[in-house]
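S.K.:
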Amino acid sequence: MAYWLFKSEPDVWGWDAQVAKGDVGEEWGGVRNYQARNHMRAMKIGDQGFFYHSNIGKEIVGIVEVCAESHPDSTTDDARWDCVDIRAVRPFKRPVTLAEVKADPRLKDMALVTSMRLSVQPVTAEEWKMVCELGGVEP
DNA sequence: GCCAACGTTGGC
DNA sequence: GCCAACGTTGGC
1 MAYWLFKSEP
11 DVWGWDAQVA
21 KGDVGEEWGG
31 VRNYQARNHM
41 RAMKIGDQGF
51 FYHSNIGKEI
61 VGIVEVCAES
71 HPDSTTDDAR
81 WDCVDIRAVR
91 PFKRPVTLAE
101 VKADPRLKDM
111 ALVTSMRLSV
121 QPVTAEEWKM
131 VCELGGVEP
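Written as structure tokens, this is what we have:
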């Protein structure tokens with residue numbers, strides 16, 4: 001089981017929209033970055049991910065899981081781009097802000113801090129546990 | 001709205 | 001294959 005982080009712009013597609021999709025989930029299409037795509041290609045069904053709001057809020061708001069493995073991105077005909085589907089699992093009791101992550105020395109190596117612009121990021125098991133604690137949910 | 005960081009593109 | 005120009009992202 002691996003852990004990931006998905007970035008969204010909440011005014012385009014946020015946590016509420018993701019929750020509204022229920023267990024069916026939603027294709028995480030539109031990613032046009034090789035690193036991010038490679039992370040999605042590496043994902044397995046059941047992998048867990050944080051759902052992050054950039055721009056508005058700048059906080060991790062909940063947990064999602066991968067419900068369909070890598071497949072062609074339906075938002076383009078370009079064969080280079082694949083993506084997974086994700087579905088909402090549960091919200092954080094308390095959102096974890098970017099400022100908190102940056103302020104915590106144990107989280108200083110999170111990709112959210114070191115690779116700020118990468119839209120799909122790997123998360124380590126330690127980071128997963130830490131951020132879940134901060135968010136008030138069971139890992 | 002600004003601007004720094006950084007990924008991508010295209011000319012050579 | 002290098003590197004300058006350009007476009008995009010995202011925090012502030």
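Per UniProt numbering, the first sequence runs over residues 1 to 139. The C-beta atom is built at its ideal place from N, Cα and C for all residues, glycine as well.
(1) What ranges does the alpha helix (DSSP H) occupy inside the UniProt domain "EVE" (2-134), keeping only unbroken runs of at least 4 residues that lie completely in it?
(2) For the 8 Å Cβ check, are there 3 or more pairs between the segment 75-93 and the segment 20-38?
(3) With burial defined as no fewer than 16 other Cβ atoms inside 10 Å of the residue's Cβ, what is the status of A36: buried or exposed?
(4) Does the beta-carbon of T139 have 16 or more other beta-carbons within 10 angstroms, so that it is buried, or is it exposed?
(5) In its own chain, which residues sit with a C-beta less than 8 Å from the C-beta of M40, not counting the 5 before and 5 after it?
(6) Are Y52 and S115 touching if we call contact CB-CB under 9 Å?
(7) Just the C-alpha distance for W4 and V64, rounded to the nearest angstrom, thanks.
(8) Flag this pair as yes or no: are the beta carbons of V96 and E126 separated by less than 9 Å?
(9) Apart from the five residues on each side of it in sequence, which residues of its chain come closer than 7 Å, Cβ to Cβ, to residue 146?
(10) Are the CB atoms of V101 and L112 within a distance shorter than 9 Å?
(11) By a C-beta neighbour count over all protein chains shown, 10 Å radius and 16 as the cutoff for buried, is D11 buried or exposed?
M.R.: The answer reads as follows:
(1) 15-20, 34-41, 98-103 and 111-114
(2) yes
(3) buried
(4) Inspection of the sequence shows that residue 139 is occupied by Pro rather than by Thr. It counts as exposed.
(5) W28, V31, S70, D82, C83, V84 and V120
(6) no
(7) 9 Å
(8) no
(9) Residue 146 lies beyond the stretch modelled for the chain, which goes from 1 to 139, so this question has no answer here.
(10) yes
(11) exposed
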